[in-house]
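The structure under discussion appears below in the form of structure tokens.
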Amino acid sequence: MPLTDIQCRNAKSKADGSPLKLADGGGLFLAVTPAGGKYWRMTYRFDGKQKLLSIGEYPAVPLADARALLSSNKAILKAGKDPALHKPEAATGGPDAFETVAREWLEAQKKAWVPEHWQRVLSRFENDVFPTLGRMRLRDIGAPKVLEVLREVEKRGALDVTKRIRQSIGAVFRFGIATGRADSNPAADLVDALKVRPKVKHMAALDAEHIGEFLTSLQGYDGERQTRLAVELIMHTMLRTNELRFGRWTEIKDEPTQFKQTKGQWVEMPAPKQWVIGGERMKMSRDHKVPLTRQSLRLLAELKAIAGDSEWIVPGVSGDKPISQNTMIFALYRLGYHSRLTIHGFRSTASTILNESGLWSPDAIERQLAHVHGDKVRSAYNRSEYWAERVKMMEWWSDYLTERNPNDLSALLS
Numbered sequence: 004m005p006l007t008d009i010q011c012r013n014a015k016s017k018a019d020g021s022p023l024k025l026a027d028g029g030g031l032f033l034a035v036t037p038a039g040g041k042y043w044r045m046t047y048r049f050d051g052k053q054k055l056l057s058i059g060e061y062p063a064v065p066l067a068d069a070r071a072l073l074s075s076n077k078a079i080l081k082a083g084k085d086p087a088l089h090k091p092e093a094a095t096g097g098p099d100a101f102e103t104v105a106r107e108w109l110e111a112q113k114k115a116w117v118p119e120h121w122q123r124v125l126s127r128f129e130n131d132v133f134p135t136l137g138r139m140r141l142r143d144i145g146a147p148k149v150l151e152v153l154r155e156v157e158k159r160g161a162l163d164v165t166k167r168i169r170q171s172i173g174a175v176f177r178f179g180i181a182t183g184r185a186d187s188n189p190a191a192d193l194v195d196a197l198k199v200r201p202k203v204k205h206m207a208a209l210d211a212e213h214i215g216e217f218l219t220s221l222q223g224y225d226g227e228r229q230t231r232l233a234v235e236l237i238m239h240t241m242l243r244t245n246e247l248r249f250g251r252w253t254e255i256k257d258e259p260t261q262f263k264q265t266k267g268q269w270v271e272m273p274a275p276k277q278w279v280i281g282g283e284r285m286k287m288s289r290d291h292k293v294p295l296t297r298q299s300l301r302l303l304a305e306l307k308a309i310a311g312d313s314e315w316i317v318p319g320v321s322g323d324k325p326i327s328q329n330t331m332i333f334a335l336y337r338l339g340y341h342s343r344l345t346i347h348g349f350r351s352t353a354s355t356i357l358n359e360s361g362l363w364s365p366d367a368i369e370r371q372l373a374h375v376h377g378d379k380v381r382s383a384y385n386r387s388e389y390w391a392e393r394v395k396m397m398e399w400w401s402d403y404l405t406e407r408n409p410n411d412l413s414a415l416l417s
């Protein structure tokens, strides 16, 4: 039966504290959270997928308006469009409303971001932010209201997600300031109000602004050429010291050829080479694949010329054993980086820069660093391992390093 306004007003979450869903019909329902929030949601199918759309918060959006918005969204569906991307203005509260500005900001990022990351950010907005802030004008939203949204995410124990949502909300407000619809960014004032994970000791790492300086110093290294190439390769591949030290040429493989159907024709797709390290050599005891960029392949070619018939990618003096544990770190000392930088610190540098770029999903970055989360269920569903995104990400990372090293850039272009 259709809902009544009295039912909406009196609705509370279940006695056991779990959320309550009150269906109105046609895919429209009122979701009641344990914290007392009431949010209109619409379920629908588009492009063969079941989707969920946030319409607004009750009572700011009364029952009659929610039904009107349902009808408007169904008209959009009938026209062959996704209501999530073509919302009627009434649903987003006008041009100054948070949701309107957020969707404009997201649209501006679409070409720069990989599709998976873009969709992930949109989903976080739709699930955690729009129900509370969506219809509010940016100038009417203060830090306490933003904190209210973030606290709900914190309650799930998702501290990393909370941090990223705060960053995304802040980006929307900066976009609003730039387009004349906001005067300040309340999300910027909330850094110290959020829960943080216990700090862990990090290895000495490079700041982004010092990468070029280090690479220039490395090009002038007066020790063994093989050592310099090994340090460069570990920067481009984001491997741990022992993962590179014990690398064998048999681990360098071609990705199986892939085909894509285009206009009825099957076209062979480029298959990048990859470094496949068996689980017995990995810290987390699972196989690890590294997409090899053109820069990494050039470094490997130079190392092969030095290694000759050795099975090791970076052999020691005798050729029948890998380089010693301290060879690369001693090279950093000779370059003047004692106590300022470790080989492991390159991984921290890469992680920071990739995350702060906003171009790549945290899961893809963590997987490329061969970090495995304790959440077995999450790992089980990540069977794809974000491979396509990781290939693009590693190309971006190698290009990032190359652009900050004029000597490397000229060698690559010659």
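First residue of the sequence shown: 4, per the numbering used here; consecutive thereafter.
Where is the CB? At the ideal position from N, CA and C, for every residue including glycine.
Beta-carbon spacing of residue i, residue j below 8 Å
| i | j | result |
| --- | --- | --- |
| S364 | R169 | no |
| D99 | R127 | no |
| S354 | I368 | yes |
| E359 | V117 | no |
| W278 | I255 | yes |
| S57 | F133 | yes |
| L6 | D27 | yes |
| L362 | H120 | yes |
| A87 | V234 | no |
| T165 | E60 | no |
| L31 | A71 | no |
| L209 | L344 | yes |
| E314 | W252 | yes |
| F249 | R284 | yes |
| A207 | S16 | no |
| F101 | G51 | no |
| G29 | L73 | yes |
| L218 | L302 | no |
Residue i versus residue j - alpha carbon distance
| i | j | result |
| --- | --- | --- |
| L338 | I326 | 19 Å |
| R386 | M241 | Legend: pLDDT at R386 = 42, less than 50; position of this residue unreliable, value from coordinates given subsequently. Spanning the two alpha carbons is a distance of roughly 21 Å. |
| G215 | M396 | 20 Å |
| D257 | A373 | 20 Å |
| M238 | H347 | 10 Å |
| Y42 | R48 | 20 Å |
| G319 | R231 | 14 Å |
| A190 | L162 | 16 Å |
| Y224 | S351 | 23 Å |
| N245 | S220 | 24 Å |
| S21 | P294 | 44 Å |
| T36 | G160 | 17 Å |
| E212 | K114 | 26 Å |
| L247 | R370 | 17 Å |
| Q222 | V394 | 26 Å |
| L23 | L55 | 16 Å |
| D192 | G183 | 20 Å |
Buried or exposed by the 16-neighbour rule on C-beta atoms within 10 Å, applied to residue i
| i | result |
| --- | --- |
| I316 | buried |
| N408 | buried |
| R142 | exposed |
| K292 | buried |
| A78 | exposed |
| G322 | exposed |
| N76 | buried |
| R228 | exposed |
| S401 | buried |
| A185 | buried |
| Y340 | buried |
| E129 | buried |
| A103 | First, the residue type needs correcting, since residue 103 is Thr and not Ala in the sequence shown. Under this definition T103 is a buried residue. |
| L404 | buried |
| A34 | buried |
| D312 | exposed |
| T194 | The sequence shown places Val at residue 194, rather than the Thr named in the question. With fewer than 16 other Cβ atoms within 10 Å, it is exposed. |
| N329 | exposed |
| Y389 | buried |
CB contact below 8 Å: residue i versus chain B
| i | result |
| --- | --- |
| D402 | No chain B appears in this structure, which consists of one protein chain only. |
Discussion item. My parser needs the alpha helix (DSSP H) runs of 4 or more residues fully inside the region 309 to 396; what are they?
Written reply: Within the region 309 to 396, the complete alpha helix (DSSP H) runs of at least 4 residues are 330 to 337, 348 to 360, 365 to 371, 379 to 384.
Discussion item. Quick test of the definition: if touching needs 3 or more C-beta pairs under 8 Å, does the region 145 to 158 touch the region 107 to 124?
Written reply: no
Discussion item. Is it the case that the region 173 to 186 contacts the region 151 to 162, given that we only count it when at least three CB pairs across the two stretches are under 8 Å?
Written reply: no
Practice prompt. Could I get the ranges of all uninterrupted alpha helix (DSSP H) runs contained in the region 109 to 147, with 4 residues as the minimum, in chain order?
Written response: 118 to 127, 133 to 136
Practice prompt. Check whether the region 7 to 14 touches the region 44 to 59, counting contact only when three or more Cβ pairs, one atom from each stretch, lie closer than 8 Å.
Written response: no
Practice prompt. Would you list, in sequence order, the uninterrupted beta strand (DSSP E) runs of no fewer than 3 residues that lie entirely inside the region 213 to 260?
Written response: Entirely contained in the region 213 to 260, the beta strand (DSSP E) runs reaching 3 residues are, in chain order, 255 to 257.
Item to complete: Any chance you could list the beta strand (DSSP E) runs of at least 3 consecutive residues sitting entirely within the region 4 to 35, in chain order?
Response: Listed in chain order, they are 23 to 28, 31 to 35.
Discussion item. Restricting to runs no shorter than 3 residues, where is the beta strand (DSSP E) found entirely within the region 27 to 77?
Written reply: 31 to 35, 41 to 49, 52 to 60
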